[in-house]
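Residue numbers (our numbering): 8 to 308.
Report on the structure given below.
Written out as structure tokens, the structure reads:
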């Protein structure tokens, strides 16, 4: 973007790096479309009115900044901004696009069912993967297959929400609307986290199964956060437990992970601890009784 465009973007409540809506302007615009769907449904027949939300972020963004420098991180953000602005300019596009956080982006799609929202998320994901990003060093668009992204999608039926609103006093409806939208955001983020857990560069659609899997994963991560930096003598009871005796492969993996964490990483590096925990959960889910494994982790957390 030129300096003039950057200044113009800032004045319009848009992010100067990407040209997209951001902050309070983004939040208010998205909430406005959400409320508008509810109002329009109330005025229409009792038909389904889907509302979809997509949240996605840049894979390995921290590593990109740490290893190559912030110029490359900024290149990724600018390129994604260009991709989303092109979509925003299409005559058939109905929704809101914005930069939600550091490397996080949001797409709100009123009147869009889940299947269509997933299709749109996949289109954006593929566009990012195949985009020729500008190399900060050479100033050439030579960085193809350089950036990938992971997506979480959640769709709700506005009709169900409105029926619920009709049952509560008028003065409580705005609060209920806000709570529902916050839950929609949480569910989309949960789906995003699952997409990253499953290997990144993919789209995940929220479901109850997915939600349960992320709760289970949180249990294992908490187990690692609490125990991985402890000295072996303080873990003797855990490794002498019946579970470890009956599951030597899992016990061995935990010992190996804990040894690496104690000796080779910063005790405050929760990101690496979480990666180890994720790998253990995958292995245990495939090769052991998941319920017994989770009970073991909860017992020693």
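Quick reminder that beta carbons are idealized off the backbone N, C-alpha and C, glycines included.
Query - First and last residue of the uninterrupted beta strand (DSSP E) at residue 100 - result: Residue 100 sits at position 93 when you count from the first residue of the chain shown. Where residue 100 is concerned, there is no enclosing beta strand (DSSP E), given that its DSSP letter is neither H nor E.
Query raised in the report: How many Å lie between residue 14 and residue 88 at the Cα?
Result: In the chain shown, the residue the question calls residue 14 occupies position 7. In the chain shown, the residue the question calls residue 88 occupies position 81. Its pLDDT being 43, under 50, residue 14 is placed unreliably in this model, and the value from its coordinates should be taken loosely. One C-alpha to the other measures close to 16 Å.
Query raised in the report: Is residue 57 closer than 9 Å to residue 135 when the C-beta atoms are compared?
Result: In the chain shown, counting from the first residue as 1, residue 135 sits at position 128. In the chain shown, counting from the first residue as 1, residue 57 sits at position 50. No; because the gap between Cβ atoms is not below 9 Å, this pair is not in contact.
Query raised in the report: Is residue 48 closer than 9 Å to residue 166 when the C-beta atoms are compared?
Result: Here residue 166 refers to the residue found at position 159 of the chain shown. Here residue 48 refers to the residue found at position 41 of the chain shown. Going by C-beta atoms, residue 166 is nearer than 9 Å to residue 48.
Query raised in the report: Mapping DSSP to helix, strand and coil, what is residue 163?
Result: Counting from 1 along the chain shown, the entry for residue 163 is found at position 156. Correct three-state label for residue 163: strand.
Query raised in the report: Who are the Cβ neighbours of residue 168 in its own chain at under 7 Å, not counting the five residues just before and after it?
Result: One-based indexing of the chain shown puts residue 168 at position 161. 45 and 187, listed in sequence order.
Query - Range of the contiguous beta strand (DSSP E) that encloses residue 64 - result: On the chain shown, position 57 is the one that residue 64 refers to. Per DSSP, residue 64 belongs to the beta strand (DSSP E) from 57-65.
Query raised in the report: Which of helix, strand or coil does DSSP assign to residue 295?
Result: Counted from its first residue, the chain shown places residue 295 at position 288. Coil at residue 295, not helix or strand.
Query raised in the report: Starting from residue 232 and walking both ways along the beta strand (DSSP E), at which residues does that stretch end?
Result: Indexing the chain shown from 1 puts residue 232 at position 225. Note, residue 232: premise wrong, no beta strand (DSSP E); alpha helix (DSSP H) at 215-234.
Query raised in the report: What is the rounded straight-line gap between the Cα of residue 264 and the Cα of residue 122?
Result: Counting from 1 along the chain shown, the entry for residue 264 is found at position 257. Counting from 1 along the chain shown, the entry for residue 122 is found at position 115. Distance between the alpha carbons of residue 264 and residue 122: 39 Å.
Query raised in the report: Can you name, in chain order, every residue of its own chain whose Cβ lies under 8 Å from the Cβ of residue 242, other than the five neighbours on each side?
Result: Numbered from its first residue, the chain shown carries residue 242 at position 235. Same-chain partners within the cutoff: 234 and 265.
Report task. Just tell me which of 194, 289, 281 and 227 has its CA closest to the CA of residue 306. Result -> Translated into the one-based positions of the chain shown, residue 306 becomes position 299. Closest option to residue 306, Cα to Cα, is 227.
Query raised in the report: Do the stretch 59-74 and the stretch 109-125 make contact, defined as three or more Cβ pairs closer than 8 Å?
Result: yes
Query raised in the report: When you compare only the Cα positions, how much space is there between residue 182 and residue 176?
Result: Counted from its first residue, the chain shown places residue 182 at position 175. Counted from its first residue, the chain shown places residue 176 at position 169. Each residue's alpha carbon lies about 11 Å from the other.
Query raised in the report: Who pairs with residue 28 in a beta bridge, going by DSSP?
Result: Position 21 of the chain shown, counting from 1, holds the residue named residue 28. Answer by DSSP bridge pairing, in chain order: 21 and 105.
Report task. Determine the closest residue to residue 108 out of 282, 127, 27 and 219, with distance taken between C-alpha atoms. Result -> The residue given as residue 108 occupies position 101 in the chain shown. Nearest option by C-alpha distance: 27.
Query raised in the report: If you follow the beta strand (DSSP E) that residue 150 is part of, which residue opens it and which one closes it?
Result: Stepping through the chain shown from its first residue, residue 150 is reached at position 143. First-last for residue 150: undefined, no H or E at that position.
Query raised in the report: If we ignore side chains and look at the alpha-carbon of each, how far apart do residue 199 and residue 184 end up?
Result: In the chain shown, the residue the question calls residue 199 occupies position 192. In the chain shown, the residue the question calls residue 184 occupies position 177. Each residue's alpha carbon lies about 23 Å from the other.
Report task. Using alpha carbons as the reference points, say which of 262, 224 and 180 lies closest to residue 240. Result -> The sequence position of residue 240 within the chain shown is 233, counting from 1. The option with the nearest alpha carbon to residue 240 is 262.
Query raised in the report: With a CB to CB cut of under 6 Å and the five nearest residues on each side skipped, what residues in its chain are close to residue 250?
Result: One-based indexing of the chain shown puts residue 250 at position 243. Closer than 6 Å at Cβ, skipping near neighbours: 303.
Report task. Pick helix, strand or coil for residue 11, following the three-state DSSP scheme. Result -> Along the chain shown, read from residue 1 onward, the residue named residue 11 stands at position 4. Residue placement at residue 11 is flagged as unreliable, the pLDDT there being 47, under the threshold of 50; a coordinate-derived value is accordingly withheld.
Requested in this report: Would you kindly work out how many angstroms separate the C-alpha atoms of residue 95 and residue 103, rounded to a whole number?
Outcome: Taking the first residue of the chain shown as 1, we reach residue 95 at position 88. Taking the first residue of the chain shown as 1, we reach residue 103 at position 96. Taking the straight line from one Cα to the other gives about 8 Å.
Query - Residue closest to residue 256, alpha-carbon to alpha-carbon, out of 67, 292, 236 and 55 - result: For the purposes of this step, residue 256 is taken as residue 249 along the chain shown, with counting starting at 1. Checking every option, the nearest Cα to that of residue 256 belongs to 292.
Query raised in the report: Exposed or buried, which one is residue 101 when buried takes at least 16 other CB atoms within 10 Å?
Result: As a first step, residue 101 is located in the chain shown; it is residue number 94 there, counting from the start. Looking at its Cβ environment, which holds fewer than 16 other Cβ atoms inside 10 Å, residue 101 is exposed.
Requested in this report: Look up residue 308 in the DSSP assignment and say whether it is helix, strand or coil.
Outcome: The residue labelled residue 308 in the question sits at position 301 within the chain shown. Looking at residue 308 - three-state DSSP - the assignment turns out to be coil, as it is neither helix nor strand.
Query raised in the report: DSSP three-state call for residue 156: helix, strand or coil?
Result: Against the chain shown, residue 156 aligns to sequence position 149. Of the three classes helix, strand and coil, the one that applies to residue 156 here is strand, per DSSP.
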